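**Q** Numbering (our numbering), first residue to last: 1 to 90.
Each residue gets a CB set at the ideal place from its N, CA and C atoms; glycine is no exception.
For clarity, every value in this text was computed on a predicted model and none was experimentally measured.
Before we start, here is the structure in question, set down as structure tokens.
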């Protein structure tokens, strides 16, 4: 299953020219797949951001978005995996 997710993440990265980086981590924060500006070093930090956001609410947060004038950084999670995408703003 991991190979299928890696293949899908690679397709997303290659198809959309606005995506600068993509990272897929397991529930422990270990990188499963990374490409572009999202490196393996960012995996732990991204998982920690997701955990902190979930602890702020009684219900699970599924989506976090950081914005600046140049780009967006989106983190989406479920019980098993966390997906982070860094993309240029349109």
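Measure the alpha-carbon distance for residue 40 versus residue 22 and round it to whole angstroms.
**A** For the purposes of this step, residue 40 is taken as residue 40 along the chain shown, with counting starting at 1. For the purposes of this step, residue 22 is taken as residue 22 along the chain shown, with counting starting at 1. Computed Cα separation, rounded: 10 Å.
**Q** In whole angstroms, give me the CA-to-CA distance for residue 11 and residue 28.
**A** Working through the chain shown from its first residue, we reach residue 11 at position 11. Working through the chain shown from its first residue, we reach residue 28 at position 28. If I take the Cα positions, the gap works out to 24 Å.
**Q** How many Å lie between residue 79 and residue 31 at the Cα?
**A** Here residue 79 refers to the residue found at position 79 when the chain shown is read from its first residue. Here residue 31 refers to the residue found at position 31 when the chain shown is read from its first residue. Distance between the alpha carbons of residue 79 and residue 31 is about 15 Å.
**Q** Is residue 37 helix, strand or coil by DSSP?
**A** Start at 1 with the first residue of the chain shown, and residue 37 comes out as number 37. Residue 37 falls in the coil class under three-state DSSP.
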